[in-house]
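Structure first, then comments.
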Amino acid sequence: MDELIVGTGILFCVLILWRLSRLKIVTLDISEHIVSVKITHPFSRGISFPQLEVPLYKIFSCHLKGDLLTTFLMVNIHTKNNVRSFYYDLGFLSKKSTDDFKKALEILKTYNEEMGGEG
Numbered sequence: 317m318d319e320l321i322v323g324t325g326i327l328f329c330v331l332i333l334w335r336l337s338r339l340k341i342v343t344l345d346i347s348e349h350i351v352s353v354k355i356t357h358p359f360s361r362g363i364s365f366p367q368l369e370v371p372l373y374k375i376f377s378c379h380l381k382g383d384l385l386t387t388f389l390m391v392n393i394h395t396k397n398n399v400r401s402f403y404y405d406l407g408f409l410s411k412k413s414t415d416d417f418k419k420a421l422e423i424l425k426t427y428n429e430e431m432g433g434e435g
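Counting along the sequence shown from 1, when you hit position 37 you're at 353 in the numbering used here, and nothing is skipped either side.
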């Protein structure tokens, strides 16, 4: 019985450590001419480098897709020959975080409509 309790405790600790290692903060920055997606770990103190950084006019579409336990940010950009897609796992988002992302994506959609894109 003692081995079962110790084994369960070790498994629980491993699961917690694994979840902590997978935590991330995804930031969507929209400046006047550039869109960038940055991913950092909450416990890192280093500089966060962009995972994606493209001019606004190259964004073809950008939207959130929610599943039961996770939300994905999907960004499609124009390249020389076709459209390229990028997917970012945002994890489980609160209602406020989802609304914040939707507001930012609405800015991109408005920009694309003003510039004659498909948004």
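Even glycine gets a Cβ: it sits at the ideal position worked out from N, Cα and C.
Option in the options with minimal Cα separation from residue i
i	options	result
Ile375	Val322, Leu327, Glu422	Glu422
Lys381	Ser364, Arg361, Pro358, Asp405	Asp405
Leu339	Glu319, Val353, Ser360	Ser360
Leu389	Glu369, Val353, Ser410	Val353
Thr387	Ser410, Glu348, His349	Ser410
Tyr373	Glu348, Asn397, Thr356	Glu348
Pairwise C-alpha distance: residue j and residue i
i	j	result
Leu367	Cys329	In the sequence on display, residue 367 carries Gln and not Leu. Going from the Cα of Gln367 to the Cα of Cys329 covers about 31 angstroms.
Phe408	Met431	33 angstroms
Val257	Asn428	Because the chain spans 317 through 435 in this model, residue 257 falls outside it and cannot be assessed.
Asp416	Asp345	12 angstroms
Gly441	Leu384	There is simply no residue 441 to check, as the chain begins at 317 and stops at 435 in what is shown.
Pro358	Leu336	9 angstroms
Lys425	Leu327	45 angstroms
Ile332	Thr324	12 angstroms
Glu319	Ser413	42 angstroms
Val351	Pro371	6 angstroms
Gly435	Phe402	Per-residue confidence for Gly435 stands at a pLDDT of 48, beneath the threshold of 50, marking its modelled position as unreliable; the derived number appears in the next sentence. Cα to Cα, Gly435 sits roughly 15 angstroms from Phe402.
Val391	Met317	51 angstroms
Ile420	Trp334	Residue identity check: residue 420 is Ala in the sequence provided, not Ile. Ala420 and Trp334: Cα-Cα distance of roughly 31 angstroms.
Residue burial classification, residue i (beta-carbon count within 10 angstroms, cutoff 16)
i	result
Val399	exposed
Val322	exposed
Cβ shell of residue i (< 7 angstroms), same chain only, five flanking positions each side left out
i	result
Glu369	Ile350, Ser352
His379	Met390, Leu421
Neighbourhood of residue i by C-beta distance below 8 angstroms, restricted to the same chain and skipping five residues each side
i	result
Phe365	Lys354
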